[in-house]
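To keep things clear, I will list the structure first and then write my remarks on it.
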Amino acid sequence: MARDYAEMEAKWQKAWADNRLNEAERDDGKPKFMIIFAYPGITGFLHVGHLRGYTYADALGRYKRMTGYNVMFPVGTHGTGNGCISLANKIARKDEKTVDYLVRNGCPESMLEELGEPMKVVEYFNEVYQNDYWRRFGFLADFRRFTCTLYPDYAKFIEWQFTKLKEKDLLIQKPYYAPACPSCGPVAVDPSETDLSKGGLAETQEYTLLKFWCESKQFFLVAATLRPETVYGQVCFWARPDMDYAIVSVNGEKWVVAPEAAEKLKLQFDGVEDAGTIPGKDLIGLMCRAPMLHKEIPVFPADFVDPAIGTGLVTSVPSDAPADWDSLEKAKANPDLVDVYGISQDVIDAVQPISIISIKGYGDFPAKDIMDRMKIADMKDPAKVKEAMEEAKKTVYKDGYHMGRMKDVCGDFAGLSVNEAKDKMRQAMVDSGEAVIFRDLNMEVVCRCGKTVHIRRIDDQWFIKYGDEQLTADTKKHARDMFLQPPEFYDNVQGTLDWYRERACVRLGKWLGTKFPFDDKWTIEAISDSTLYPIYYTISLYANTKQIEADQMKPEFFDYVILEEGNVDEVSASTGIPAELLDKIKADVHYWYPLDINLGGKEHMTVHFPVFLMNHRAILPDDMQPKGILVNWYVTGKNKDKISKSKGGAQPIPGAVADYGADAMRLYYANVASMFVDVEWDEDLVFNYKQRLERIVSTVEELIASEEDAPAGSIDMWLLSRFNTHLDEIRSSMEKYDLRQMTLTVYFDMAADMRWYERRGGKNKATIMKALRIWINSMMPVTPHIAEELWAMAGFEGLVASAQLPECDPAAVSAVAEYGENYLQSVISDVNEIRKMVDGDVTKTVLYTAPGWKNAIYKDAVAMAEEGTLGIPELTKKCMADPELKKNGKAVSDFAKKTAIDLKRTNLATAKALAEMDEKAFLVSAKDFISAETGITVDVAGADDENLYDPANKARVATPGRPAIYLE
RNA sequence: GCGGAAGUAGUCGAGUUGGCCAAAGACGCAGGACUUAAGAUCCUGUCCUUAGCGGUUCAUGGGUUCGAAUCCCUUCUUCCGCACCA
0 MARDYAEMEA KWQKAWADNR LNEAERDDGK PKFMIIFAYP GITGFLHVGH
50 LRGYTYADAL GRYKRMTGYN VMFPVGTHGT GNGCISLANK IARKDEKTVD
100 YLVRNGCPES MLEELGEPMK VVEYFNEVYQ NDYWRRFGFL ADFRRFTCTL
150 YPDYAKFIEW QFTKLKEKDL LIQKPYYAPA CPSCGPVAVD PSETDLSKGG
200 LAETQEYTLL KFWCESKQFF LVAATLRPET VYGQVCFWAR PDMDYAIVSV
250 NGEKWVVAPE AAEKLKLQFD GVEDAGTIPG KDLIGLMCRA PMLHKEIPVF
300 PADFVDPAIG TGLVTSVPSD APADWDSLEK AKANPDLVDV YGISQDVIDA
350 VQPISIISIK GYGDFPAKDI MDRMKIADMK DPAKVKEAME EAKKTVYKDG
400 YHMGRMKDVC GDFAGLSVNE AKDKMRQAMV DSGEAVIFRD LNMEVVCRCG
450 KTVHIRRIDD QWFIKYGDEQ LTADTKKHAR DMFLQPPEFY DNVQGTLDWY
500 RERACVRLGK WLGTKFPFDD KWTIEAISDS TLYPIYYTIS LYANTKQIEA
550 DQMKPEFFDY VILEEGNVDE VSASTGIPAE LLDKIKADVH YWYPLDINLG
600 GKEHMTVHFP VFLMNHRAIL PDDMQPKGIL VNWYVTGKNK DKISKSKGGA
650 QPIPGAVADY GADAMRLYYA NVASMFVDVE WDEDLVFNYK QRLERIVSTV
700 EELIASEEDA PAGSIDMWLL SRFNTHLDEI RSSMEKYDLR QMTLTVYFDM
750 AADMRWYERR GGKNKATIMK ALRIWINSMM PVTPHIAEEL WAMAGFEGLV
800 ASAQLPECDP AAVSAVAEYG ENYLQSVISD VNEIRKMVDG DVTKTVLYTA
850 PGWKNAIYKD AVAMAEEGTL GIPELTKKCM ADPELKKNGK AVSDFAKKTA
900 IDLKRTNLAT AKALAEMDEK AFLVSAKDFI SAETGITVDV AGADDENLYD
950 PANKARVATP GRPAIYLE
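Just so we're aligned: 822 in numbering that gives the first Met the number 0 is position 823 of the first sequence, and the numbers increase by one with no gaps anywhere.
Structure below.
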């Protein structure tokens with residue numbers, strides 16, 4: 000059936016908008032429900048994966064609407080940071096990939112000129128997100144309340160928030176080391192490489208700079224190490240003879256380091272100045288005094304030293320560093336030491352590895368052991384050797400760190416475990432002035448702008464004090480009392496909250512965002528301005544409709560409407576906002592808040608959600624704390640990666656909606672898996688959902704169109720019982736926000752029931768309309784457009800989007816009616832099962848229902864089970880007391896035993912239904928149906944019947960609920 | 001390393017307060033119906049065995065229990081977070 004989904008969807012979306020169903024207005028007489036999804040950062044076009052979470056939010060909101068709630072579902076975007084700037088820059092310089100990406104996603108070429116300007120990028124994507132994604136998917140979001148973190152009124156809110164944090168002593172200043180680009184300022188180094196063109200996997204490492212005094216030259220050779228605990232094993236020093244080193248003056252001392260390192264030092268230490276250069280070859284052969292060890296060691300040449308890492312000078316600990324062991328062996332064998340550098344053989348011979356750490360499973364020299372074990376000496380391919388050496392280094396470091404113990408040669412530190420010694424020894428050397436701490440990236444990192452990123456010290460950095468004990472304790476307590484899904488998040492968040500310390504909250508340099516209210520050289524960074532914002536949706540409406548202006552939104556305004564502090568006339572006087580309006584806004588804020596659900600992807604679990612909770616706890620009173628957080632997992636690409644926005648693998652959203660329809664995609668998201676697992680994007684699967692929906696649509700269409708009507712019978716009771724039961728299931732699933740279970744009920748179970756009803760010849764018009772009323776209404780949250788279409792077709796009143804889901808009618812629920820059909824299905828299934836085993840054609844079957852005495856026992860057993868007195872001896876005793884039963888002796892006691900055991904494990908309602916059922920009458924009435932289903936003649940008989948036709952003596956095995964079957 | 005999660009049939013995935021679980025649903029596959037236009041629809045089947053019985057399963061090996069996919073421990077494997085990144 001060809002159906003123009005786009006047109007149909009647009010029609011209903013317009014109807015919703017015309018009826019203003021999406022607009023959230025305070026209604027003091029009605030319970031409210033406020034749900035948001037964590038607004039997306041503006042980073043370009045979104046992909047089909049993002050819509051997963053957003054769709055959940057809309058579906059939950061719609062469900063709440065149809066169960067009596069006044070719902071607010073606002074949306075917004077997050078533009079803070081440098082994403083938009085870097086995107087605009089790339090567009091401005093006509094970066095080919097970027098332009099191609101934009102065009103492919105439907106950006107008109109004419110827009111490209113304008114988009115070189117960051118704020119234009121923001122404006123453009125604000126429209127794209129709202130129109131091409133959220134409206135297109137049929138979200139009943141209150142677009143009037145849309146806000147963006149770069150709006151001037153939003154900035155006022157953030158300023159107020161920071162004023163509050165400061166008042167509560169939660170803002171502090173201290174020095175801070177951050178990766179920074181010389182022109183763009185601090186950048187984020189992470190695998191997504193949002194800010195970078197290279198090096199997203201780099202880690203910041205804390206090196207210990209060791210100072211080696213060189214008496215003859217009166218300067219320090221400065222080596223960087225990650226293993227300060229190995230200083231007692233130093234035997235020599237490595238420098239590159241083929242490069243020039245820089246001499247810098249640091250607080251009056253002269254340090255020799257690689258030129259790259261000199262630049263880095265300037266970023267992290269004060270008073271670093273250039274003081275000349277020295278050729279590397281001039282360093283070879285010098286003697287220098289090793290820190291802590293206090294021994295003179297010689298400088299040897301080495302070609303493995305990389306000037307870009309650390310200081311470009313390396314201290315040698317052959318016992319525990321495979322590279323050092325290897326290099327030392329080579330160096331000693333190198334005649335240049337004597338011939339070229341004039342080092343005396345005595346000095347060379349004196350360089351012997353010192354055993355300093357004992358590790359279980361290793362000998363005196365772990366570095367040598369690991370190389371022997373890995374047979375590195377036998378390797379020929381240089382690339383393989385390099386890889387193996389890297390591996391060897393890691394292994395020996397790891398084992399040493401966890402199992403190693405310092406040996407006696409290690410002075411005061413002897414006997415300590417390596418991980419203890421590491422910190423203590425570093426601290427000791429720092430205290431004695433022999434070492435300083437230096438931070439460096441472990442690989443090259445290049446900013447989007449093309450410059451190399453280094454670690455830089457930033458003084459007077461502002462932090463939010465998330466480590467505050469009281470705040471942490473209060474937040475943890477609240478997190479125990481609220482709704483958090485999935486359960487492991489509920490547990491983990493406690494630990495995450497504990498682990499939070501200070502967090503840098505402002506940035507220098509070119510960033511989009513709100514200026515820091517206490518010093519406008521800083522810009523508030525992206526996470527810190529997106530923690531309290533849901534409450535702002537209750538206010539944004541007034542700014543968006545120009546009822547208030549940004550510059551009227553002074554701190555006292557927020558104090559009044561949010562915290563109910565201050566005097567309305569004074570606030571009105573100072574802001575120029577009428578008192579009535581102030582009170583109206585205040586009433587709105589307190590009607591809608593607290594937030595009921597904040598829904599976001601799993602990436603928010605350790606960052607956004609905890610700070611969201613902490614900021615609420617820090618600033619708002621008890622009755623405004625968030626009530627729930629729902630975390631959704633991702634839609635991933637084929638290779639299990641998160642579908643990457645930048646890599647452009649996924650289909651653009653508008654194309655996907657056009658292909659499958661918004662409802663099919665919504666159903667796909669809701670039903671394909673639990674919220675809490677990743678799913679792989681699979682177009683075929685989406686197509687399947689589309690087909691399933693179409694099948695449901697045509698089923699409903701046919702039911703509505705059918706002219707037939709028939710009197711109601713047992714199958715009608717069955718259908719209404721089932722559908723009313725489903726209503727309860729839907730409600731209990733949604734109680735837990737379990738959309739998957741809910742959609743399973745609505746789109747699978749109910750569809751199957753409807754089919755069975757038709758198959759059983761159900762044709763009662765009134766029953767059908769009652770069932771459709773329930774069914775179509777149940778489809779509204781997830782597939783609203785199709786529900787609307789069917790609702791209209793069935794002639795129901797108004798829009799289903801504003802209809803209320805019927806309550807389950809307990810009078811319609813009948814265990815007996817439901818049991819009958821299950822019974823029938825299992826009889827048919829048994830007949831088929833047995834027929835499969837029989838050779839030759841089957842023409843006839845006889846179904847024997849259980850004899851009266853078995854039914855009598857069963858009834859007794861059920862009655863006893865209801866009273867809770869059922870047991871094998873009790874039941875047997877009771878049976879034997881009956882003279883009629885006693886005649887059957889052993890058969891009775893066996894059956895009583897079996898019945899008692901069975902009943903203990905079956906559902907009592909089912910058992911009762913069976914006990915009340917007249918099986919024989921039921922089977923007689925269903926005879927024709929069974930016959931039609933199986934294609935064979937059916938006879939029904941009771942095992943007690945006189946002149947029973949029972950050639951195979953089957954009737955004796957019949958039990959209640961399980962007729963015996965004979966085939967011929 | 002630290003912390004967390006998870007391993008279920010050909011596949012994706014339910015089921016994890018222990019019992020009604022040979023284990024939902026979907027997909028795939030096989031047979032049939034309808035038809036020969038459809039990535040259509042509808043039935044039936046899909047661990048082994050078998051007149052519906054029974055047997056053996058839920059990464060692995062052990063344990064607790066009258067009873068375990070579900071609880072405890074071994075081992076193996078996979079995934080995720082670890083901070084200034086939304």
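For glycine and all other residues, C-beta sits at the position ideal for the given N, C-alpha and C.
What you are looking at is a predicted structure, and each value in this text was computed from that prediction instead of being measured.
>> Checking 7 Å against the spacing of the C-beta atoms, do Thr229 and Asp319 come in under that value?
In response: As a first step, residue 229 is located in the first sequence; it is residue number 230 there, counting from the start. As a first step, residue 319 is located in the first sequence; it is residue number 320 there, counting from the start. Yes.
>> Using only the alpha-carbon positions, how far apart do Gly410 and Gln217 sit?
In response: Position 411 of the first sequence, counted from the first residue, corresponds to residue 410. Position 218 of the first sequence, counted from the first residue, corresponds to residue 217. Approximately 27 Å, taken between the alpha carbons.
> When the Cα atoms are used, what is the spatial distance from Ala890 to Arg955?
Replying inline: For the purposes of this step, residue 890 is identified with residue 891 of the first sequence, where counting begins at 1. For the purposes of this step, residue 955 is identified with residue 956 of the first sequence, where counting begins at 1. If you draw a straight line from the Cα of Ala890 to the Cα of Arg955, it comes to about 10 Å.
> Tell me which same chain residues have a C-beta within less than 6 Å of the C-beta of Thr471, skipping the five on either side of it?
Replying inline: Numbered from 1 along the first sequence, position 472 holds the residue referred to as residue 471. If we look at Thr471 and ignore the five residues flanking it on each side, its Cβ neighbours are Leu496.
> Along the chain, which unbroken stretches of the beta strand (DSSP E) at least 3 residues long are found entirely within the stretch 201-226?
Replying inline: List check, beta strand (DSSP E) in window: 203-213, 218-224.
>> Using CA atoms only, rank isn't needed, just tell me which of Gly627, Asp808, Asp281 is closest to Gly341.
In response: Reading the first sequence from its first residue, position 342 is the one you call residue 341. Nearest C-alpha to Gly341: Asp281.
>> Buried or exposed, going by whether 16 or more other CB atoms sit within 10 Å of the CB of Asn831?
In response: Translated into the one-based positions of the first sequence, residue 831 becomes position 832. Within a 10 Å sphere around the beta-carbon of Asn831 sit fewer than 16 other beta-carbons, which makes this residue exposed.
> What distance in whole Å lies between the Cβ atoms of Thr97 and Tyr38, which are believed to be in contact at a cut-off of 8 Å?
Replying inline: Looking up residue 38 in the first sequence gives position 39. Looking up residue 97 in the first sequence gives position 98. Not really, about 23 Å apart at Cβ, beyond 8 Å.
>> Which of the three DSSP states is assigned to Lys379 in this structure?
In response: As a position in the first sequence, residue 379 is number 380, starting the count at 1. Three-state result, Lys379: coil.
> Just how far apart, CA to CA, sit Tyr536 and Pro73?
Replying inline: Numbered from 1 along the first sequence, position 537 holds the residue referred to as residue 536. Numbered from 1 along the first sequence, position 74 holds the residue referred to as residue 73. Here the C-alpha atom of Tyr536 lies approximately 7 Å from the C-alpha atom of Pro73.
> DSSP beta-bridge partners for Leu629?
Replying inline: As a working note, residue 629 is residue 630 in the first sequence. Answer is Gln484, Leu598, bridged to Leu629.
> Closest by CA to Arg502, which one among Ile463, Met291, Lys210, Leu111?
Replying inline: Here residue 502 refers to the residue found at position 503 when the first sequence is read from its first residue. The shortest Cα separation from Arg502 among Ile463, Met291, Lys210, Leu111 belongs to Ile463.
>> Using 8 Å for Cβ pairs, my map puts Val826 next to Ile929. What's the rounded Cβ distance?
In response: Looking up residue 826 in the first sequence gives position 827. Looking up residue 929 in the first sequence gives position 930. About 7 Å; that satisfies the 8 Å criterion.
> If we call anything under 7 Å between Cβ atoms a contact, is Asn69 one with Asp26?
Replying inline: The sequence position of residue 69 within the first sequence is 70, counting from 1. The sequence position of residue 26 within the first sequence is 27, counting from 1. Contact flag set, yes.
> For Asn130, does the count of other Cβ atoms within 10 angstroms reach 16, so buried, or fall short, so exposed?
Replying inline: Your numbering for residue 130 matches position 131 in the first sequence. Answer is exposed; the Cβ neighbour count stays below 16.
>> Please give the ranges of any beta strand (DSSP E) in the stretch 302-352, keeping only runs that are unbroken, at least 3 residues long and fully inside the region.
In response: As summarised for the stretch 302-352, the continuous beta strand (DSSP E) elements at least 3 residues long and confined to that stretch are 313-315, given in chain order.
> What does a CB cutoff of less than 8 Å around Leu449 pick up in its chain, not counting 5 residues either side in sequence?
Replying inline: To locate residue 449, count along the first sequence from 1; it is residue 450. Per the sequence presented here, residue 449 reads as Gly, with Leu not at that position. So the list reads Ser196, once near-sequence residues are dropped.
>> In chain order, what are the residue ranges of uninterrupted beta strand (DSSP E) at least 3 long that sit wholly in the stretch 921-957?
In response: The stretch 921-957 contains these whole beta strand (DSSP E) runs: 936-941.
> Ordered along the chain, which non-local residues of its own chain (more than five positions away) have a Cβ less than 7 Å from that of Trp632?
Replying inline: Here residue 632 corresponds to residue number 633 of the first sequence, with the count starting at 1. Counting only Cβ-Cβ distances below 7 Å, and skipping sequence neighbours, we find Lys601, Met674, Phe675, Val676, Asp677.
>> Which of the three DSSP states is assigned to His477 in this structure?
In response: Along the first sequence, one-based indexing puts residue 477 at 478. Reduced to three states, the DSSP call for His477 is helix.
> Ordered along the chain, which non-local residues of its own chain (more than five positions away) have a Cβ less than 7 Å from that of Ala5?
Replying inline: Here residue 5 is taken as the residue at index 6 of the first sequence, counted from 1. Counting only Cβ-Cβ distances below 7 Å, and skipping sequence neighbours, we find Ala657.
>> How far does the alpha helix (DSSP H) with Asn723 in it extend, from its first residue to its last?
In response: If you number the first sequence from 1, residue 723 lands on position 724. Counting along the chain, the alpha helix (DSSP H) containing Asn723 begins and ends at 713-734.
>> By the three-class DSSP mapping on this structure, what secondary structure does Ile526 have?
In response: Translated into the one-based positions of the first sequence, residue 526 becomes position 527. In this structure, Ile526 counts as coil in the three-state DSSP scheme.
> What's the C-alpha gap between Gly648 and Val445?
Replying inline: As a first step, residue 648 must be located in the first sequence, where it is residue number 649. As a first step, residue 445 must be located in the first sequence, where it is residue number 446. Confidence at Gly648 is low in this model, with a pLDDT of 44, below 50, so its placement is unreliable and the value that follows should be read with caution. About 24 Å.
> I think Leu726 touches Ile773, with their Cβ atoms under 8 Å apart; what is that distance to the nearest whole Å?
Replying inline: Residue numbering aside, residue 726 sits at position 727 when the first sequence is read from its first letter. Residue numbering aside, residue 773 sits at position 774 when the first sequence is read from its first letter. The pair is a contact, with the Cβ atoms about 6 Å apart (cut-off 8 Å).
>> Our contact map puts Phe894 next to Lys853 with C-beta atoms below 8 Å; I'd like the distance itself, whole angstroms only.
In response: Residue mapping note: residue 894 aligns to position 895 of the first sequence, counting from 1. Residue mapping note: residue 853 aligns to position 854 of the first sequence, counting from 1. About 6 Å separates the two Cβ atoms, so the contact holds.
>> Rounded to the nearest angstrom, what separates Thr635 and Gly137 at their Cα positions?
In response: As a position in the first sequence, residue 635 is number 636, starting the count at 1. As a position in the first sequence, residue 137 is number 138, starting the count at 1. Cα to Cα, Thr635 sits roughly 23 Å from Gly137.
> Relative to the C-alpha of Leu966, which residue among Thr958, Gly960, Tyr948, Pro959 is closest?
Replying inline: Walking along the first sequence from the start, residue 966 turns up at place 967. Nearest C-alpha to Leu966: Tyr948.
> Whose CA, out of Phe556, Leu531, Glu563, lies closest to the CA of Phe608?
Replying inline: Residue mapping note: residue 608 aligns to position 609 of the first sequence, counting from 1. Comparing Cα positions, the closest option is Leu531.
> From Arg239 to Glu682, what does the alpha carbon distance come to, in whole angstroms?
Replying inline: Mapped onto the first sequence, residue 239 falls at position 240. Mapped onto the first sequence, residue 682 falls at position 683. If I take the Cα positions, the gap works out to 57 Å.
>> Taking 7 Å as the threshold (C-beta atoms), are Ala542 and Asp152 in contact?
In response: In the first sequence, the residue the question calls residue 152 occupies position 153. In the first sequence, the residue the question calls residue 542 occupies position 543. Yes; because the gap between Cβ atoms is below 7 Å, this pair is in contact.
> Less than 7 Å separating the beta-carbons of Asp595 and Ile34?
Replying inline: If you number the first sequence from 1, residue 595 lands on position 596. If you number the first sequence from 1, residue 34 lands on position 35. Less than 7 Å divides the Cβ of Asp595 from the Cβ of Ile34.
>> Tell me which residues share the same chain as Ala483 and place their Cβ nearer than 6 Å to its Cβ, disregarding the 5 neighbours each side in the sequence.
In response: Counting from 1 along the first sequence, the entry for residue 483 is found at position 484. Here residue 483 turns out to be Leu, not Ala, going by the sequence shown. Annotation for Leu483: Tyr489, Ile628 place their beta carbon closer than 6 Å to its own, counting only its chain and skipping 5 residues before and after.
> What are the start and end residues of the beta strand (DSSP E) that includes Asn69?
Replying inline: As a first step, residue 69 is located in the first sequence; it is residue number 70 there, counting from the start. Unbroken beta strand (DSSP E) run through Asn69: 69-71.
> How do the stretch 923-943 and the stretch 848-866 stand: do at least 3 beta-carbon pairs fall below 8 Å, yes or no?
Replying inline: With a cut-off of 8 Å, the stretch 848-866 and the stretch 923-943 count as touching, because enough Cβ pairs lie within range.
> Taking buried to mean at least 16 other C-beta atoms within 10 Å of its own C-beta, is Asp640 buried or exposed?
Replying inline: Indexing the first sequence from 1 puts residue 640 at position 641. For Asp640, the pLDDT reaches just 40, beneath the cut-off of 50, and the residue's location in the model is therefore unreliable, leaving the point undetermined.
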